[in-house]
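See below for the structure under consideration.
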Ligand code: CO
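Numbering (the numbering used here), first residue to last: 7 to 263.
Now the structure itself:
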């Protein structure tokens, strides 16, 4: 399935069909049950702040009212695929790019490209949280300064935190990664399956760990608190990435094809 982002009108409103609104309704009602007791506290608080509608796709102006109030962020609509430099530039302006299409009901459970459900449900709740929002901004500004090889390693950092990160909360693992929280299957798998490894997050190790974007993960890194994101921001990341490049990749538990 090839998806095309939908254009917003002059008021910033995107017109979704009845079927698309229904797809949103199926996805959000189902996922709200699944993330309960699996998502971290800050994510659940963010969901409450956003108060996403249940029966239709949310509109960007409403989401932005909340994001602006808490962290000064904005969602901006983009076409499905944008160049990496544009992505980093937007993050460095505290703008979160979101392609405004929603998956079809045939692809309800598995989707390669991030759709609006992933962006709004998976990421926007924590964009109301200061450490997460600051990390996104830091990531954009840092990646803009990095060369191509270093960017690839920074991409791993993003992957193992923002997209697939776990967090220890009252001695239990919870989820803060948006790639997980917007996936019915992987939200449960990440915490409950005996298959994947779950390791304490370590910057240099994460930089050296390759990942597959098209498969369920075999390894997750867990942080101790959202403030750990500030430790990453405070590190000399370009130096660490340079060192990680010289050390080579860590065997991630799968063969890269
Ligand atoms: Co994402």
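Ideal Cβ positions, reconstructed from N, Cα and C, are used throughout, including at glycine.
Note that the structure is a prediction, hence the values are computed from the model and not measured.
If you check the CB distance, residue 81 and residue 187 do not come in under 7 Å. When DSSP states are grouped into helix, strand and coil, residue 98 belongs to the helix group. Below 8 Å, too few C-beta pairs join the segment 78–98 and the segment 52–63 to call them touching: fewer than three. In terms of side-chain proximity, the C-beta atom of residue 169 is found nearer than 6 Å to a non-hydrogen atom of the ligand CO. About 5 Å separates the CB atoms of residue 229 and residue 173; that is less than 8 Å, so the two are in contact. Set against 6 Å, the gap from the CB of residue 89 to the closest heavy atom of the ligand CO is not smaller. Excluding residues up to 5 positions away in sequence, 172, 173, 197, 204 and 228 lie with their Cβ nearer than 8 Å to the Cβ of residue 179 in the same chain. In its chain, beyond the 5 residues on either side, 108 and 111 have a beta carbon closer than 6 Å to the beta carbon of residue 29.
DSSP, read as helix, strand or coil, puts residue 9 in coil. For residue 223, same chain residues with a beta-carbon under 8 Å away, outside a window of 5 residues either side, are 170, 192, 196, 202 and 217 in chain order. Residue 88: not part of any beta strand (DSSP E); DSSP gives it neither H nor E. Between residue 253 and the set 233, 8 and 213, the nearest pair of CA atoms involves 213. Where residue 204 is concerned, the enclosing beta strand (DSSP E) starts and stops at 203–206.
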